[in-house]
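Just so we're aligned, residue 10 is where the sequence shown starts under my numbering, counting upward by one. Each residue gets a CB set at the ideal place from its N, CA and C atoms; glycine is no exception. For reference, the structure discussed in these notes is given below.
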Amino acid sequence: MGKNKWLFAAACVIGLSVMAAPGQSSAAEQSVAVSLPKFEVKLNGNQVENDYRQYPLLVYKDITYVPMTWYDSRLLGLETGWSAQDGLSIAKGSVTSSYAAYAADHKNAGSARATISSFGITINGKTVDNAKEPYPLLTFRDVTYFPLTWKFAHEEFGWDYVWDPSAGLAITADNPKVEKVSLPAAAGGNNVALFKGYYYFTETEGTTVQVYRAPEQDTSSKQRVYSYNGESVYGFNNYLQFWTANDELWFSYHVGGATMGSDVYCKVGDDGKATLEHRGYLDFKPTTNGTLIIRQSVPPGGNNLSLAPAGQEDRNGGSVGKPDLIYGWHITDNGGGRGFAGDDRRRSSETKSM
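Set out below in structure tokens:
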């Protein structure tokens with residue numbers, strides 16, 4: 010092991026935290042002594058205040074552990090998951106988050122007790138035998154702590170690090186960073202997108218919702234992309250959501266009520282102008298033969314799949330698939346009856362009880 014690797018492993022390995030498995034038997038868990046680090050730590054440029062942090066970094070066997078809270082894991086570009094059957098999964102992803110201090114109102118003791126986690130663990134799809142790890146995952150204050158040795162921090166997660174005896178440890182992940190942007194204050198009340206050198210955001214003027222874009226290098230120079238009236242007999246709604254698909258920027262919003270209203274889907278062109286492409290409760294997928302339309306009105310019914318030729322409106326689409334089947338929905342059993350929800354990753358489909 011080279012000098013840098015040794016310094017990293019011996020003085021400062023990082024770990025992350027996810028909520029510990031409910032129902033774990035404390036009698037079966039092994040208790041170990043841990044302490045707070047005596048050096049400074051920065052995570053993606055954020056100074057960590059361990060003395061007054063609800064989930065402080067810990068040191069076990071001269072290795073630093075980081076709590077895998079929701080914010081800490083995503084701050085460092087890690088996606089986490091938990092299931093009672095498979096346990097904890099950790100994987101490098103294109104996620105990010107702002108830094109959360111988890112400030113506490115009392116000072117942490119210099120030493121404490123943690124337990125060795127006994128549930129299933131996978132890292133980037135690879136099973137970890139925690140009982141055989143020299144630096145096992147730990148549980149502290151009902152949060153899982155992960156030790157990031159060289160093989161995890163560098164080889165699995167691709168992190169860079171700098172260790173200095175006086176400045177301490179700095180860990181930098183290669184995921185996107187949350188940055189402050191000089192946009193109008195009203196833009197912060199809705200969805201914001203950065204796409205091909207432009208910020209896209211909304212401002213409300215009376216009952217009109219204005220969609221603007223501004224160059225990334227000159228956010229004071231805004232250009233109107235689209236506008237619509239957010240007022241209806243059902244009240245005012247200015248919520249708008251951006252997303253990208255097939256290297257194109259889209260946004261959607263809702264007009265009207267829950268039953269008589271509809272969702273509106275717009276695509277932003279290279280000229281910075283948006284056009285209304287689809288309207289209704291639906292999902293859509295581009296194909297080489299046109300656009301596949303999946304109707305998702307309530308209650309769900311068969312014959313809800315159609316194909317609109319390229320350049321044609323949705324209503325001109327012809328029926329495809331088997332008319333006695335329901336496409337684009339999933340069914341859940343909540344114990345008191347079945348629930349149906351449309352499969353659309355762009356928007357959160359509310360489950361409707363039937």
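Where residue i falls, given that 16 or more other Cβ within 10 Å makes a residue buried
i      : result
His115 : exposed
Trp79  : exposed
Ser366 : The question about residue 366 has no answer here: the residues shown for the chain are numbered 10 through 363.
Ala112 : exposed
Arg304 : buried
Leu334 : exposed
Pro145 : buried
Leu85  : buried
Tyr235 : buried
Val307 : exposed
Pro65  : buried
Ser34  : Reliability fails at Ser34, whose pLDDT of 40 lies under 50, so the model's placement of it is uncertain and the value that follows must be treated cautiously. Answer is exposed; the Cβ neighbour count stays below 16.
Tyr248 : exposed
Glu164 : exposed
Glu188 : exposed
Thr297 : exposed
Gly206 : exposed
Thr253 : exposed
Gly311 : exposed
Option in the options with minimal Cα separation from residue i
i      : options                        : result
Ser126 : Ala109, Ile180, Gln250, Asp151 : Asp151
Ala121 : Glu286, Lys282, Pro174, Thr148 : Thr148
Lys101 : Glu49, Trp168, Ser107          : Trp168
Ala283 : Phe251, Pro308, Lys294         : Phe251
Arg288 : Leu87, Met269, Ile72, Gln63    : Met269
Gln232 : Glu240, Val220, Gln226, Ser241 : Val220
Gly291 : Thr153, Lys186, Ser271         : What sits at residue 291 in the sequence shown is Leu, not Gly. Checked all of Thr153, Lys186, Ser271; the closest Cα to Leu291 is Ser271.
Val190 : Asn59, Ile180, Leu203, Ile72   : Leu203
Val41  : Ala118, Thr124, Gly177         : Thr124
Gly239 : Glu214, Ala254, Ser229         : Glu214
Gly327 : Thr300, Pro309, Val307         : Thr300
Asp138 : Leu97, Gly119, Leu178, Ala162  : Leu97
Gln63  : Met77, Ile72, Thr73, Asp71     : Met77
Lys160 : Glu212, Pro143, Asn247         : Pro143
Gly266 : Ile130, Ser241, Asp280, Ala196 : Ser241
Gln226 : Leu192, Val201, Ala182, Tyr248 : Leu192
Pro309 : Pro332, Leu66, Thr158          : Pro332
Gly119 : Glu188, Leu157, Tyr61          : Tyr61
Ala182 : Val264, Thr253, Ser82, Ala176  : Ser82
Gly90  : Thr153, Asn247, Pro185         : Thr153
Ser44  : Asn117, Lys294, Pro295         : Asn117
Asp246 : Thr216, Thr228, Asn255         : This sequence places Asn at residue 246; Asp is not what is there. When each option's Cα is compared against that of Asn246, the closest is Thr216.
Ser107 : Gln39, Pro185, Gly337, Asn200  : Pro185
Thr73  : Phe48, Ser92, Ala93, Gln94     : Phe48
Tyr243 : His263, Thr228, Asn255         : His263
Ser92  : Phe128, Asn59, Gly330          : Phe128
Lys294 : Gly330, Lys51, Asp280, Asn255  : Asn255
Ser175 : Thr158, Asn199, Val50          : Val50
Gln39  : Asp71, Lys70, Asn59, Ala140    : Ala140
Gly177 : Val329, Pro46, Gly337, Tyr336  : Pro46
8 Å contact criterion, which residue i and residue j should meet: CB distance rounded
i      : j      : result
Tyr208 : Ala223 : 5 Å
Val104 : Phe155 : Wrong, their Cβ atoms sit about 16 Å apart, outside the cutoff.
Ala317 : Ile302 : 6 Å
Leu285 : Phe166 : Leu285 to Phe166, Cβ: 42 Å. No contact.
Phe210 : Ala196 : 4 Å
Ala9   : Val171 : Here the chain covers residues 10 to 363 and nothing more, so residue 9 does not appear.
Which of helix, strand or coil DSSP assigns to residue i
i      : result
Ala30  : Because the pLDDT at Ala30 is just 41, under 50, the model does not fix this residue reliably, and the point stays unresolved.
Gly198 : helix
Phe293 : strand
Phe161 : helix
Lys141 : helix
Tyr69  : strand
Tyr80  : helix
Asp60  : coil
Arg150 : coil
Asp256 : coil
Asn312 : coil
Asn55  : strand
Asp173 : strand
Asn238 : strand
Asp323 : helix
Ser106 : coil
Glu49  : coil
Val187 : coil
Val218 : strand
Ala36  : With a pLDDT of only 43 at Ala36, under 50, the local geometry of the prediction cannot be trusted, and the value read off the model is given with reservation. Of the three classes helix, strand and coil, the one that applies to Ala36 here is helix, per DSSP.
Gly96  : strand
Val307 : coil
Ile180 : strand
Cutoff 8 Å: residue i Cβ touching any chain C Cβ
i      : result
Gln232 : Looking at the structure shown, chain C is missing, and only one protein chain is on hand.
Between the region 252-265 and the region 274-283, can you find at least three pairs of beta-carbon atoms closer than 8 Å?
Cβ pair count under 8 Å is three or more, so yes.
Using a Cβ distance threshold of 8 Å, determine whether the region 125-145 contacts the region 42-59, with at least three qualifying pairs required.
With the cut-off at 8 Å, the region 125-145 and the region 42-59 do not touch.
Could you say if the region 309-323 and the region 240-259 meet the contact criterion of at least three C-beta pairs nearer than 8 Å?
With the rule of 3 Cβ pairs closer than 8 Å, the region 309-323 does not count as touching the region 240-259.
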